[in-house]
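Trainee:
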């Protein structure tokens, strides 16, 4: 009898000894990130297959040029409004850059919430201005920032419930893909992009699964 040390449960945090393998996924990501035309990534698989664990291990699996931020879209409140989502993205980036000795001004949720009260476009405008300062740092340090969104189907649910304007968010994703060479996007979930319907498929032209 050989005990199985692997138990389906919480996602494994970075550098947990139980996490082994997946080198093929890391190599595929690294090679694709190094291309001049960088794809958008979709990591798909059934539940309990280790998708979240892979995303949490990316800082240790990818080369030092690549900075990866993990976002759990199942976390309560993250997709409750566009201000909350953008603030969560900004906070993750701010904290990661801080650990790498890269200083950037903090973007506060309260600022984005006030902007959203006027309209969502104002919140996006403030966030994009802040992101430009992040890109300047990434350019100076020759780094690529990978934003990894786990359980991306929750964004569709948030749109259906009226918490966020999904079209505006997808427009922003496409703008990032087309105009921000220092940023890359990864979406993880059970569904493939084609299963999300034409609203999603039409926004992501160059995809690697």
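In our numbering, the protein residues as written are 842 to 1050.
Quick reminder that beta carbons are idealized off the backbone N, C-alpha and C, glycines included.
What are the complete alpha helix (DSSP H) segments, minimum 4 residues, inside the stretch 873 to 913?
Mentor: Segments of the alpha helix (DSSP H) lying fully in the stretch 873 to 913: 892 to 902.
Trainee: Tell me the DSSP bridge mates of residue 1030?
Mentor: Sequence index remark: in the chain shown, residue 1030 carries index 189 (1-based). 885, per the DSSP bridge assignment.
Trainee: Within 8 Å (strictly less), CB to CB, does residue 916 reach chain C?
Mentor: The chain labelled as chain C is not found in the depicted structure, where only one protein chain is given.
Trainee: Does residue 974 pass the burial test, meaning 16 or more other C-beta atoms within 10 Å, or should it be called exposed?
Mentor: Here residue 974 is taken as the residue at index 133 of the chain shown, counted from 1. Its Cβ having fewer than 16 others within 10 Å, residue 974 is exposed.
Trainee: Contact between the stretch 895 to 914 and the stretch 929 to 936 is defined here as three or more beta-carbon pairs at a separation below 8 Å; is this criterion met?
Mentor: Cβ pair count under 8 Å is three or more, so yes.
Trainee: What first and last residue would you give for the beta strand (DSSP E) that runs through residue 820?
Mentor: Look at the range of the chain in this structure, 842 to 1050, and you will see that residue 820 is not part of it.
Trainee: What residue does the alpha helix (DSSP H) around residue 935 start on, and which one ends it?
Mentor: Within the chain shown, the letter at position 94 stands for residue 935. Start and end: 923 to 940.
Trainee: Would you kindly work out how many angstroms separate the C-alpha atoms of residue 928 and residue 984, rounded to a whole number?
Mentor: Position 87 of the chain shown, counted from the first residue, corresponds to residue 928. Position 143 of the chain shown, counted from the first residue, corresponds to residue 984. Between residue 928 and residue 984, the C-alpha separation is close to 22 Å.
Trainee: Taking the DSSP output, what are the residues bridged to residue 962?
Mentor: Taking the first residue of the chain shown as 1, we reach residue 962 at position 121. Its beta-bridge partners do not exist; DSSP assigns none.
Trainee: Going by C-alpha to C-alpha distance, which of 1003, 871, 1047, 943 sits closest to residue 976?
Mentor: Residue numbering aside, residue 976 sits at position 135 when the chain shown is read from its first letter. Nearest C-alpha to residue 976: 943.
Trainee: Closest by CA to residue 1007, which one among 1016, 1041, 1020, 1027?
Mentor: One-based indexing of the chain shown puts residue 1007 at position 166. When each option's Cα is compared against that of residue 1007, the closest is 1041.
Trainee: Within 10 angstroms of the Cβ of residue 879, are there 16 or more other Cβ atoms? Answer buried if so, exposed if not.
Mentor: For the purposes of this step, residue 879 is taken as the residue at position 38 of the chain shown. That one is buried.
Trainee: Which residues in the same chain as residue 1004 place their Cβ atom closer than 7 Å to its Cβ, once the five residues preceding and following it in sequence are excluded?
Mentor: As a first step, residue 1004 is located in the chain shown; it is residue number 163 there, counting from the start. Excluding residues within five positions, the ones whose Cβ falls inside 7 Å are 920, 921, 922.
Trainee: If you reduce the DSSP assignment to three classes, tell me which class residue 1024 lands in.
Mentor: Translated into positions along the chain shown, residue 1024 becomes position 183. Three-state DSSP puts residue 1024 in a strand.
Trainee: If I follow the unbroken alpha helix (DSSP H) through residue 1042, where does it start and stop?
Mentor: Working through the chain shown from its first residue, we reach residue 1042 at position 201. Taken as a continuous stretch (DSSP letters only), the alpha helix (DSSP H) holding residue 1042 covers 1039 to 1042.
Trainee: For the alpha helix (DSSP H) containing residue 1001, name the first residue and the last one.
Mentor: Here residue 1001 is taken as the residue at index 160 of the chain shown, counted from 1. Per DSSP, residue 1001 belongs to the alpha helix (DSSP H) from 994 to 1001.
Trainee: Give the straight-line distance between the Cα atoms of residue 963 and residue 957, rounded to the nearest whole angstrom.
Mentor: Counting from 1 along the chain shown, the entry for residue 963 is found at position 122. Counting from 1 along the chain shown, the entry for residue 957 is found at position 116. Roughly 6 Å between the two C-alpha positions.
Trainee: Per the DSSP calculation, residue 1049 is bridged to which residue(s)?
Mentor: Sequence index remark: in the chain shown, residue 1049 carries index 208 (1-based). Answer is 882, bridged to residue 1049.
Trainee: Is the CB-CB distance between residue 970 and residue 952 below 8 Å?
Mentor: As a working note, residue 970 is residue 129 in the chain shown. As a working note, residue 952 is residue 111 in the chain shown. Not in contact: residue 970 and residue 952 (Cβ atoms no closer than 8 Å).
Trainee: Using CA coordinates, which residue listed in 981, 993, 1048, 926 is at the minimum distance from residue 949?
Mentor: Taking the chain shown and counting its residues from 1, one reaches residue 949 at position 108. When only C-alpha atoms are compared, the closest one is 926.
Trainee: Kindly list the residues whose CB is nearer than 7 Å to the CB of residue 1013, restricted to its own chain and excluding five residues on each side of it in sequence; keep chain order.
Mentor: Residue numbering aside, residue 1013 sits at position 172 when the chain shown is read from its first letter. Counting only Cβ-Cβ distances below 7 Å, and skipping sequence neighbours, we find 965.
Trainee: Nearest by alpha-carbon distance to residue 895: which of 918, 982, 868 is it?
Mentor: Indexing the chain shown from 1 puts residue 895 at position 54. Of the candidates 918, 982, 868, the one whose C-alpha sits nearest the C-alpha of residue 895 is 868.
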